[in-house]
Amino acid sequence: MNGGCGMSDIPCIYDISLINEEDKLKEDILNGKAFDILLILLSGSKTVKEISKELNVPSFSIQLYIQRLIEANLIKITDKKIIEGKLEKTYNLASTDVEILNYLKDNCKDNDGKENAELSAQHFASLTRDIIININKYSDKPHKIKAFFIKADEEKMAEFKKELDELFIKYQSLENLESSDTYGFISILAPYKLGD
Numbered sequence: 002m003n004g005g006c007g008m009s010d011i012p013c014i015y016d017i018s019l020i021n022e023e024d025k026l027k028e029d030i031l032n033g034k035a036f037d038i039l040l041i042l043l044s045g046s047k048t049v050k051e052i053s054k055e056l057n058v059p060s061f062s063i064q065l066y067i068q069r070l071i072e073a074n075l076i077k078i079t080d081k082k083i084i085e086g087k088l089e090k091t092y093n094l095a096s097t098d099v100e101i102l103n104y105l106k107d108n109c110k111d112n113d114g115k116e117n118a119e120l121s122a123q124h125f126a127s128l129t130r131d132i133i134i135n136i137n138k139y140s141d142k143p144h145k146i147k148a149f150f151i152k153a154d155e156e157k158m159a160e161f162k163k164e165l166d167e168l169f170i171k172y173q174s175l176e177n178l179e180s181s182d183t184y185g186f187i188s189i190l191a192p193y194k195l196g197d
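What the sequence shown shows, in this note's numbering, is residues 2 to 197, in sequence order.
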């Protein structure tokens with residue numbers, strides 16, 4: 002009997018297996034398990050023990066998700082040590098923060114929005130961190146860091162948002178593709194704490 006692929010059964014089964022694995026990984030991410038591990042690794046390298054402690058999840062469960070994320074080329078082993086006679090591995094993201102975040106956004110786009118909010122926060126945090134680090138290296142270049150929290154009426158904030166939108170348009174108009182310098186302008190305007 003020939004149920005489909007014939008002599009090419011092996012690659013056919015392999016392809017189906019890959020598809021199923023990708024679907025399972027996406028399901029894991031949507032359920033927040035692999036997703037939470039990746040969010041933790043966005044802050045730096047971690048061991049299974051450290052991840053387990055942060056998520057309050059048994060180490061053996063974390064190890065299973067770690068293996069799936071390695072197979073998906075999302076994380077990698079960065080260090081190995083023998084501690085108390087046991088091999089302990091350290092893991093980190095396999096690619097840049099932005100690439101990992103884009104992958105997660107693509108696979109979480111059909112969820113309820115909570116994950117995308119988390120990803121956006123991580124994305125902005127990553128970009129902001131890089132910009133601030135560069136200020137230290139290029140302190141002679143134009144730069145500015147400010148943060149203000151004020152109590153204000155919604156109508157006034159709506160007016161200010163329009164002005165901010167205009168400022169972004171002005172900023173974008175300053176682009177010179179022939180320049181060797183790249184500048185970042187990041188802004189967040191949103192309710193921080195709402196009254197009852």
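Note that CB positions come from ideal geometry on N, CA and C, so glycine has one too. Predicted model, so just to flag it, every value in this text is computed and none were measured.
Which residue or residues does DSSP assign as beta-bridge partners of residue i?
| i | result |
| --- | --- |
| E89 | K82 |
| I146 | I146 is not bridged to any residue. |
| L94 | I76 |
| T48 | T91 |
Taking Cβ to Cβ, would you say residue i is nearer than 8 Å to residue j?
| i | j | result |
| --- | --- | --- |
| K82 | N93 | no |
| I146 | I133 | yes |
| D37 | L56 | yes |
| A35 | Y66 | yes |
| L165 | L190 | yes |
Rounded to whole angstroms, what is the Cα-Cα separation between residue i and residue j?
| i | j | result |
| --- | --- | --- |
| L39 | I187 | 24 Å |
| I136 | A126 | 15 Å |
| F161 | L195 | 18 Å |
| D131 | N177 | 21 Å |
| I218 | M158 | Any answer about residue 218 is impossible in this case: the structure gives the chain only from 2 up to 197. |
| L70 | I63 | 11 Å |
| G86 | F61 | 18 Å |
| Y139 | L88 | 41 Å |
| A118 | K50 | 27 Å |
| S174 | D182 | 15 Å |
| L168 | S180 | 21 Å |
| I84 | Q68 | 21 Å |
Near residue i, which residues of its chain fall below 8 Å by C-beta distance, leaving aside the five closest residues on each side in sequence?
| i | result |
| --- | --- |
| Y172 | F186 |
To which residues of the same chain is residue i closer than 7 Å at the C-beta, ignoring the five residues directly before and after it?
| i | result |
| --- | --- |
| I41 | K47, I52, E55 |
| A153 | none |
| I17 | Any reading at I17 must be qualified, since the residue scores a pLDDT of 40, below 50, and its modelled position is unreliable; the value itself is stated next. Once the five neighbours on either side are set aside, I17 has no close Cβ partner at all. |
Sorted by chain position, which residues of the same chain lie with C-beta nearer than 6 Å to residue i's C-beta, five sequence neighbours on each side aside?
| i | result |
| --- | --- |
| T91 | S46, T48, T79, D80 |
| L75 | A95 |
| H144 | I136 |
Between the options, which lies nearest to residue i when the distance is taken from Cα to Cα?
| i | options | result |
| --- | --- | --- |
| K142 | Y184, L75, I189 | Y184 |
| A148 | Y193, D182, L175, S180 | Y193 |
| L43 | D182, S180, L168, A122 | A122 |
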